[in-house]
Amino acid sequence: MNRREFLITSSAAAALLAAPRFATAAARTIDLYSGSDANIVDFWNNIVRPAFEAAHPDVALKVTDAGDNTGLRAIADRALAALQTKTDPQADIFETFDPRLPTGGIDAGLWVKFSAENIEGFDRVNPLSVDSEYSLPYRGSQVLLAYDKAKLDPMDAPKTWEQLISWIKANPGQFIYNRPDKGGSGGNFVRRAIHEANGRDPKKFTIDNFSADYPNQTLTPAWAILNDLAPSLYEKGAYTAGNTQSIQLLAQGVVAMTPVWSDQVLQAISQGVLPETTGLVQLGDLALCGNFSRMTVFSNGAHKDAALKLTAFLLTKEMQEAIITEIGGFPGISWDHISEELRQKYADVVPATIPTFPSGDWEPAINDGWYRSVAPGISRT
Numbered sequence: 001m002n003r004r005e006f007l008i009t010s011s012a013a014a015a016l017l018a019a020p021r022f023a024t025a026a027a028r029t030i031d032l033y034s035g036s037d038a039n040i041v042d043f044w045n046n047i048v049r050p051a052f053e054a055a056h057p058d059v060a061l062k063v064t065d066a067g068d069n070t071g072l073r074a075i076a077d078r079a080l081a082a083l084q085t086k087t088d089p090q091a092d093i094f095e096t097f098d099p100r101l102p103t104g105g106i107d108a109g110l111w112v113k114f115s116a117e118n119i120e121g122f123d124r125v126n127p128l129s130v131d132s133e134y135s136l137p138y139r140g141s142q143v144l145l146a147y148d149k150a151k152l153d154p155m156d157a158p159k160t161w162e163q164l165i166s167w168i169k170a171n172p173g174q175f176i177y178n179r180p181d182k183g184g185s186g187g188n189f190v191r192r193a194i195h196e197a198n199g200r201d202p203k204k205f206t207i208d209n210f211s212a213d214y215p216n217q218t219l220t221p222a223w224a225i226l227n228d229l230a231p232s233l234y235e236k237g238a239y240t241a242g243n244t245q246s247i248q249l250l251a252q253g254v255v256a257m258t259p260v261w262s263d264q265v266l267q268a269i270s271q272g273v274l275p276e277t278t279g280l281v282q283l284g285d286l287a288l289c290g291n292f293s294r295m296t297v298f299s300n301g302a303h304k305d306a307a308l309k310l311t312a313f314l315l316t317k318e319m320q321e322a323i324i325t326e327i328g329g330f331p332g333i334s335w336d337h338i339s340e341e342l343r344q345k346y347a348d349v350v351p352a353t354i355p356t357f358p359s360g361d362w363e364p365a366i367n368d369g370w371y372r373s374v375a376p377g378i379s380r381t
C-alpha cells in the first residue's frame, strides 16, 4: 500500500524502462529504484547517498523514483527477461519490493539471497522484520491509532478491536479512516477488519492462496463489519482521501481519533502539525498491519557487489538511527542496537508484533470490494 497522496511522482514507469545509464565520475554507479513516498526518496538522496558515497568514493548512487509498485514490477519483469537473455537489466537494487514477484523470479535466480556471508551486520536484523531470504529489511512502519488526549483519557484508550468498535459507536462522528486505495492507514484499518472477520489469523492471507472464490469467502464478512460501523463515523459515513487528510482532521479537532502511519504521525508531532498531547495506541489483541521495507538486489545487475555494500551500509547504526530521527520510521535492526536515548524516547511505539497483509491480487480485490460493498456512493476519482 502506498502513501503517495501528498507526493509528486517524478517520472512514469514507461520512461524509466527507456532511461539509459549515465556516466559519472565514479567507477561504478548503482542504479536504485524506489516505489516509496517522496519523503523516502528524499531520505535516500539527501541522507543515504552522500554518506554512502563519502564512505565509498569509488561508487556513485543514482536514486530513481519508479512511481509506485506497478513501476517496480515493470522493471522487475524486464530484469527477469534480461536474466534469460543474459543482458544488462539496467537496474541493481530496489529500495523496497517483494521478491515473490514476478512469479517465477526466485526459482529463476533473479534475486540475491542475503546472509551473514555476504552482508556485514546481518546478525543485527530484527527477527520481526524477516520475511524472505531474498529481501533485506532496513526500515519499518505500522499503523497506529492517534487520538486527542483532551477528548480521550489515555487510560480509556481502546486496546482491543472490540473496545475500539465500542468507543466509535459511543462517540459518533469522532472517528474517520481514509479510503483503502488512497493510503495505507485506512487501508490497514480495513485489513484489520478483514483479520477480525477471519479469526484474527493473518496467515490465512498470502500471495499464493489468492483465487477467484477465496476473496468472496474471506472479505464479505469484513464488509458487514464495516457497514455496521459506517453510521458512527464522521458525517455518518465519510472517508478521507488520504493519510494526510486524516491527520489534518485530527489536528483541527474535527475528529478525536483516526488510524495513522507510525512514521507520519511521529513526523507530524515533531514538526508541530500535531500537538505533543496527541496520544498513540496500538491494539493488543491483534495489531493493525504494517510492514518493513525490504531491499532486493538483482543477481544479474551490473553492479551487484556494490549494491550489496549499499545494503550493508543501510544496516549501520548511523543509518538506522537516521531512519528514526529523519523519517520517523522503525529500524530494520533490533532496537537493542539503537542508542538508549532513542529507545527510551520511542518506547511507546516499539512494536511487539507487526501483522502483514500480502499485496499482489489481494490489493485490487480489497479496494474493489470495499467500494462496491461498503461505499458504493463514493467516486474512486
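117 is the number that full-length UniProt numbering gives to position 117 of the sequence shown; each next residue is one higher, with no gaps.
Virtual Cβ for every residue (Gly too), placed ideally from N, Cα, C.
Predicted model only: the values in this text are computed from it and were never measured.
Nearest by alpha-carbon distance to residue i: which of the options is it?
| i | options | result |
| --- | --- | --- |
| residue 116 | 193, 377, 312 and 342 | 312 |
| residue 190 | 174, 227 and 203 | 227 |
| residue 294 | 285, 185 and 314 | 314 |
| residue 41 | 51, 57, 66 and 30 | 66 |
| residue 259 | 188, 57 and 307 | 188 |
| residue 344 | 324, 137 and 358 | 324 |
| residue 376 | 198, 179 and 195 | 179 |
| residue 291 | 90, 184 and 103 | 184 |
| residue 225 | 266, 164, 359 and 68 | 164 |
| residue 123 | 136, 154 and 111 | 136 |
| residue 246 | 301, 198 and 264 | 264 |
For residue i, count neighbouring C-beta atoms within 10 Å of its own C-beta (all shown protein chains included) and say buried if the count is 16 or more, exposed if not.
| i | result |
| --- | --- |
| residue 211 | exposed |
| residue 364 | exposed |
| residue 414 | Past the edges of the chain, shown from 1 to 381, lies residue 414, and the structure says nothing about it. |
| residue 86 | exposed |
| residue 257 | buried |
| residue 10 | Per-residue confidence for residue 10 stands at a pLDDT of 35, beneath the threshold of 50, marking its modelled position as unreliable; the derived number appears in the next sentence. By the 10 Å Cβ count, residue 10 comes out exposed. |
| residue 380 | exposed |
| residue 272 | exposed |
| residue 105 | buried |
| residue 129 | buried |
| residue 341 | exposed |
| residue 24 | Its pLDDT being 44, under 50, residue 24 is placed unreliably by the model, and nothing is read from it. |
Measure how close the beta-carbons of residue i and residue j come, nearest whole angstrom, since I'm counting them as under 8 angstroms.
| i | j | result |
| --- | --- | --- |
| residue 223 | residue 373 | 4 angstroms |
| residue 126 | residue 327 | About 17 angstroms separates the two Cβ atoms, so there is no contact after all. |
| residue 30 | residue 88 | Not really, about 13 angstroms apart at Cβ, beyond 8 angstroms. |
Run through the DSSP bridge pairs and tell me what residue i is partnered with.
| i | result |
| --- | --- |
| residue 221 | Residue 221 pairs with nothing; no bridge assigned. |
| residue 291 | 141 |
| residue 148 | 278 |
| residue 136 | 295 |
| residue 257 | 147 and 175 |
| residue 330 | 140 |
| residue 111 | 298 |
| residue 31 | 62 |
| residue 240 | 178 |
Leaving aside the five residues before and after residue i along the sequence, list all residues of the same chain whose C-beta is less than 8 angstroms from its C-beta, in chain order.
| i | result |
| --- | --- |
| residue 277 | 148, 149 and 150 |
| residue 378 | 179, 239 and 371 |
| residue 173 | 232, 233, 234, 235, 236 and 255 |
Taking 6 angstroms as the limit between beta carbons, can you name the residues of its chain near residue i, skipping five residues before and five after?
| i | result |
| --- | --- |
| residue 139 | 293, 323, 329 and 332 |
| residue 262 | 141, 142, 144 and 349 |
| residue 28 | 59, 303 and 306 |
| residue 242 | 5, 178, 182 and 183 |
By Cβ distance below 7 angstroms, which residues in the same chain neighbour residue i in space, the five residues on each side in sequence not counted?
| i | result |
| --- | --- |
| residue 251 | 273 and 274 |
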